[in-house]
Amino acid sequence: MTPIYRGIVALVLFLMLRCMFREKDFWKQVTGALVLIPLVLRLLLLK
Amino acid sequence: MDWFWPEGFYTLVMVGVFVLGAFALKLPIAVAMSLAAVSGAVVAGDGIPLRHLVEGTFGYLDTILIIASAMIFMKTVERIGLLEAVAARMIRRFRSFPLLLSLGILLLIMVPGMITGSSTAAVLTTGALVAPVLIRLGVPVLKTAAAIAMGAIYGMIAPPINLPAMIIGGGIDMPYVGFALPLLLCTLPLAVVTALLLVYPDLRRFKGDEVALEEQLREMERTPLTPRLFLPILVLVVLLGGETFLPGVWPALGMPLDFLLAALSAFLTGRRWNLLETATSAVEDTLPVMGILMGVGMFIQVMTLIGVRGFVVVSALALPAWLLYVGIATSLPLFGAVSAFGAASVLGVPFVLALLGKNEIIVASALSLIAGLGDLMPPTALAGIFAAQVVGEENYFRVLKHCVIPAVLTAAWGIAIILGASFVAGVLY
Amino acid sequence: MKILRGTPVTALVLLVLVGAVSFLAAREFLAMRVPDVVVPAPGYETHLLSEWEPSLKGTPADTPVYIQAGSEPGGTVLVMGGTHPNEPSSSLTAVLFLERARVNRGRLVVIPFANIMGFSHNDPQEASPQRLHFTLADGSVRTFKYGSRATNPIHAWPAPDVYIHPQSGQELSGKEKSNLNRAHPGTPDGDLTSRLAYGLRQLIVKEKIDLAFDLHEASPEYPVVNAMVAHERSMELAAMVVMELEGAGIPMRLEPSPKNLRGLTHREWGDFTETMPILLETANPSQGRLRGRTDEDLVLTGRDKCYTKAAALGRLFVPYDGSQSIELRVARHTATVKTFLDMLGLFDEAKEVDVEGIPTYEELLGQGYGAFLTPLPLKDASPGSQG
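Protein chains in written order, with the numbering used here: chain A, 1 to 47; chain B, 1001 to 1429; chain C, 2001 to 2387.
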């Protein structure tokens, strides 16, 4: 099941990146950045 | 003063920075929470503890995935026209039975919460389904959202799955057995009262313009409600239900995967919709909440690191016996500002230990009910935020105002059950 | 704050920041994967648990097992620490038996890091320190990790919403699936935590372990603390030991293993093997819910103003006079295990186990834990000794 969930993390991460690059409000981009950190670390199974 | 210094001061700094950031500087709540966490650590002499800040966010990683996937599911059933078609059908079928409709709708809101243990799941599935029905039938938007939020919380607490009760039980090595009746007692009466309070009066009074209503219904029925259109909901019911009712036999896929598979099954309905755009807009809509959870994760980790958490918990336990109940009724929902599950773990367990000697199952059930109110407490207020979102209200505080009376009743009911735990146990068992 | 404009450029800048923060945090998380170094006393053979349960071979669950046999035949005793890596006196006590014991009669089996998958990470929102430092008699410093109660999620993710204990159908909160002490007696085809429990059961059966210790700590506000939990089969011996300990000024609560709480060593090892299981608890403020500032000092000294206040309010189940040092907690475990070893022969002569070299309760309190550790050979001299 872990590979599937890594896939879900990758999906959310990709969608989040898409949002960040379209976002016009800087502070919403910052919010997105906060969410990216744990997603990246779990995707790579570093934490 | 010894007790207050320095942890009380740190508490004020953290709360102060949060308020300043969120309300004076109008920063997003997520950013204000993170800044508050960093300030607490700096003031306590820990510098910027990067490891702790990042580690704290992991407490909500699974929650983020549930929220994102549940929202993708909701946006999908909305885009394929299912939401409106179902609402129209319900209106035609039940509008002449307002009492039945009020009670039925509240129960319907509760069901996904009951089987997943998540108020978010309830709001974003059946909550989204009933919202247009209530609004078309004359229930004001804010009251609709409040009813959805309350129903979702009762669903989260009602059996069979109640995660706060499991967390409290886990803290005192009590297996999750024998909770069904006490949890029904905790939730069903409140659900009925909420239905009668928020939904029934407006439904009964509704004398809409028949012609206009008929026109709206036609509009909503653009997409014919075929069994095939129902597929995503059917898939979700089977997946979530299988996991709950056939444990051990059914594969434990987990909520995020259940929601995504159900969303994907919408491809088989024959309707056309843009998957990528739908999913992106779902993530965009949930981004503030996910960010808040990250901020809250950092905030709790720093609270724990610098001693503020213990200061808060022991201060609550230090209340004199008669105030202990007031403490439970206020601190559990207040701490729920960081999450209902966090409140159950951090405060629920010490409270159940402070109340040892009463029937622990009844006490833990009632505490889980009060902890559930945490999902109404800003800044996280998961139930309130998403309920506002499904009715299209921008400011969720306006929704929360309508939740105040049911919430107070909920806390009072929880306390009453704790006070009468022995009596309740005698009746139930 | 004015709405600052977000552009793809600002997004890119933020991404670079995300990368930098993730990199720095990851370095600290990865530091937890470096195993603790131990120095077994002469006479110990080093094994891996996969020798008893081959499906563990090459997995992160495969934990070291150390066995020392005396020259005279006798019973076999297992001392297991580290079921919950956030309860440090448990693994530290096992390390003490590993580095000090001279076995004259019978056999001693030591597993210092039972759930080794819990030693490689810390629980979110608990703000645990990563390492504990001890100064040795020669002035050198040795470190041990402070881990998590649960298996590292990278090996057991996602957790189910509800964990169902396979043998009993008992339902627990989903995160308990990663709790080794809810996984016993284990299954050969389950997830890693369940297989680890199964491996431990195989070891107990195949090595004919007569007496098995599972060492723990609990929060001071938890009712079962400074306590011993015994299976029916262990009860008579346990009662003898408790009386002996009382005589030595070490008060100990004796609790029967509850029949309806499943998955724990004191229940399942007793029901599924022939051994006499004993679970021991000391009071560890650094894992409690009432604790204040959380750092290495709290773990080592147990000094905490929140617990002091809670004790004054009558909320604790242990006498707490402002501290609960790691020396005291290791000394309680050590003295209890040693008393069991001394009494086992009285209980059944053929099962006598004679072990020398273990410091006494008073010696540990007087000289500190570090005084009884062996200095590391030069090549192992602790690389990551910063907290």
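Every residue gets a Cβ at the ideal spot worked out from N, C-alpha and C, and that includes glycine.
Worksheet entry | Interface partners of residue 2326 (chain C) on chain B, CB under 8 Å | Ordered by position in chain B, no residue passes the 8 Å Cβ test against residue 2326 (chain C), which lies about 19 Å from the chain.
Worksheet item: Listing by chain order, which chain C residues have their CB less than 7 Å from the CB of residue 1318 (chain B)?
Response: 2309, 2313
Worksheet item: Does residue 1299 (chain B) come within less than 8 Å of chain A when only Cβ atoms are used?
Response: no
Worksheet entry | C-beta neighbour in chain A for residue 1290 (chain B), strict 8 Å | Yes, residue 1290 (chain B) lies at the interface with chain A (some Cβ there is under 8 Å from its Cβ).
Practice prompt. Verify the CB distance criterion: does residue 1039 (chain B) have a CB-CB separation below 8 Å to chain A?
Written response: no
Worksheet item: Does residue 1284 (chain B) have its Cβ less than 8 Å from a Cβ in chain C?
Response: Taking Cβ atoms only, chain C never reaches closer than 8 Å to residue 1284 (chain B), which makes this a no.
Fill in: the segment 2238 to 2269 of chain C: positions lying closer than 9 Å to chain B by Cβ
For the segment 2238 to 2269 of chain C, the set of residues with a beta-carbon nearer than 9 Å to any beta-carbon of chain B comprises 2258, 2260, 2261, 2262, 2264, in chain order.
Worksheet item: Alpha carbon to alpha carbon, how far is residue 1254 (chain B) from residue 2178 (chain C)?
Response: 16 Å
Worksheet item: Helix, strand or coil: which one does DSSP assign to residue 2089 (chain C)?
Response: helix
Worksheet entry | Interface partners of residue 2154 (chain C) on chain A, CB under 9 Å | Contact note: residue 2154 (chain C) reaches chain A through 2, 42, 45, 46, 47, using a C-beta cutoff of 9 Å and chain order.
Discussion item. For residue 2080 (chain C), report the span of its beta strand (DSSP E) as first-last.
Written reply: Here the beta strand (DSSP E) through residue 2080 (chain C) covers 2072 to 2080.
Fill in: Residues in the segment 2086 to 2103 of chain C having any Cβ partner in chain B nearer than 9 Å
none
Discussion item. Using beta carbons (cut-off 8 Å, strictly below), is residue 1018 (chain B) in contact with chain C?
Written reply: no
Discussion item. Within 8 Å, do at least three Cβ pairs link the segment 2293 to 2301 of chain C to the segment 2127 to 2137 of chain C?
Written reply: yes
Worksheet item: With 16 as the cutoff for other CB atoms within 10 Å, does residue 2189 (chain C) come out buried or exposed?
Response: exposed
Worksheet item: Closest by CA to residue 1056 (chain B), which one among C:2260, C:2127, C:2253?
Response: C:2127
Practice prompt. Report buried or exposed for residue 1385 (chain B), applying the criterion of at least 16 other Cβ atoms within 10 angstroms of its Cβ.
Written response: buried
Worksheet item: Taking any Cβ of chain B, which residues in the segment 2169 to 2190 of chain C have a Cβ under 7 Å from it, in chain order?
Response: 2170, 2171, 2172, 2173, 2176
Fill in: Nonlocal neighbours in the same chain, by C-beta distance under 6 Å from residue 2070 (chain C), ignoring five residues either side
2103, 2104, 2105, 2106
Worksheet item: Around the Cβ of residue 1037 (chain B), are there at least 16 other Cβ atoms within 10 angstroms (buried) or fewer (exposed)?
Response: buried
Worksheet item: Is residue 2106 (chain C) helix, strand or coil when you go by DSSP?
Response: strand
Item to complete: For the segment 2051 to 2061 of chain C and the segment 2075 to 2084 of chain C, state whether three or more C-beta atom pairs, one from each stretch, are separated by less than 8 Å.
Response: no
Fill in: Contact set between residue 26 (chain A) and chain C, taken where Cβ atoms lie within less than 8 Å
2003, 2004, 2005, 2006, 2010
Practice prompt. Return the first residue and the last residue of the beta strand (DSSP E) that residue 2142 (chain C) is part of.
Written response: 2141 to 2145
Worksheet entry | Limits of the alpha helix (DSSP H) - the one that residue 2332 (chain C) falls within | 2326 to 2347
Item to complete: Helix, strand or coil for residue 2005 (chain C), going by three-state DSSP, please let me know.
Response: In the structure shown, residue 2005 (chain C) sits in a strand (DSSP, three-state: E or B).
Practice prompt. Let me know the secondary structure DSSP gives residue 2216 (chain C) once reduced to three states.
Written response: strand
Item to complete: Measure the Cβ-Cβ separation of residue 1396 (chain B) and residue 1416 (chain B) and say whether it is below 8 Å.
Response: Contact flag unset, no.
Discussion item. Give me the DSSP bridge partner(s) of residue 2069 (chain C).
Written reply: C:2107
Worksheet item: Just the Cα atoms here: how many angstroms apart are residue 2017 (chain C) and residue 36 (chain A)?
Response: 11 Å
Discussion item. Tell me which residue opens and which closes the beta strand (DSSP E) that residue 2047 (chain C) is part of.
Written reply: 2044 to 2048
Worksheet item: Grouping DSSP H, G and I as helix and E and B as strand, with all else coil, what is residue 1390 (chain B)?
Response: helix
Fill in: Alpha-carbon spacing of residue 1411 (chain B) relative to residue 1369 (chain B), whole angstroms
8 Å
Discussion item. Tell me the residue span of the alpha helix (DSSP H) that contains residue 2307 (chain C).
Written reply: Where residue 2307 (chain C) is concerned, the enclosing alpha helix (DSSP H) stretches over 2305 to 2312.
Worksheet entry | Integer Cβ distance of residue 2187 (chain C) from residue 2166 (chain C), believed to fall under 8 Å | 5 Å
Practice prompt. Check the Cβ of residue 1182 (chain B) against every Cβ in chain A and list those closer than 8 Å, keeping chain order.
Written response: Per Cβ cutoff of 8 Å: no residues; residue 1182 (chain B) is ~33 Å from chain A at best.
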